[in-house]
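Since the structure comes first, as structure tokens, the remarks are kept for the end.
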Amino acid sequence: MLSCRDFTRLAVSGLLCAGLTQGGARADEDVLRVFMDHARVLKLDRPVAKVIVGNAKVADATVADAKTIVLTGRSFGTTNLVLLDADGNAIVDERILVSIDEASTVRVYRQTERSVLSCTPNCEQHAAQGDGAAATTAATQ
40 MLSCRDFTRL
50 AVSGLLCAGL
60 TQGGARADED
70 VLRVFMDHAR
80 VLKLDRPVAK
90 VIVGNAKVAD
100 ATVADAKTIV
110 LTGRSFGTTN
120 LVLLDADGNA
130 IVDERILVSI
140 DEASTVRVYR
150 QTERSVLSCT
160 PNCEQHAAQG
170 DGAAATTAAT
180 Q
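Residues 40 to 180, numbered by our numbering, are exactly what the sequence shown covers, in order.
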């Protein structure tokens with residue numbers, strides 16, 4: 040049987056351990072990582088009745104069905120995800136880290152100003168954090 044830590048490491052498969060322990064400090068590797076503007080499917084082993092995201096500006100959780108949650112990174116930062124069953128018991132209480140997919144980004148520094156370009160395959164500037172607009176500026180390669 041796989042432990043919760045093993046499930047967390049299976050990021051490609053999108054599985055989440057539904058029986059995580061509550062309380063206590065967790066190591067950084069136990070953080071659920073999501074890239075900004077990407078979705079991640081979380082399959083659970085029992086039905087969820089309530090989904091709570093600590094900061095909806097950082098991440099969004101959508102219920103696809105009773106055992107499937109779609110987590111979307113909205114902005115850089117950390118928050119938490121709490122999933123409750125029908126009796127109000129916590130199934131999951133996990134920290135979420137939303138970050139950029141570093142493998143496909145370029146940073147441009149102009150004095151004190153910084154731009155982050157996402158290059159997959161063409162380079163486009165990321166929207167500034169907090170402006171809520173879609174990326175609009177295309178960069179030449």
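All residues carry an ideal CB built from backbone N, CA and C; glycine is no exception. Quantities reported herein were computed from a predicted structural model and do not represent experimental measurements.
Asked	Found
Three-way DSSP call (helix, strand, coil) for L49 in this model	Confidence is the limiting factor: at L49 the pLDDT is only 37, short of 50, which leaves the residue's position unreliable, though a coordinate-based value still follows. The answer is coil: DSSP assigns L49 none of H, G, I, E or B.
Identity of the residue in E133, L120 and V90 nearest D69 by Cα	E133
Chain-order list of residues whose beta-carbon lies under 7 Å from that of A105 (same chain, five-residue window excluded)	P86 and V87
Contact set for L156: own chain, Cβ-Cβ below 8 Å, skip 5 residues either direction	T144, V145, R146, V147, C162, E163, Q164, H165 and A178
Proximity test, R113 beta-carbon vs the ligand PLP heavy atom, cut-off 7 Å	The model on display carries no ligand, and the ligand PLP is accordingly not part of it.
Nearest-angstrom Cα separation, counted from I139 out to P160	15 Å
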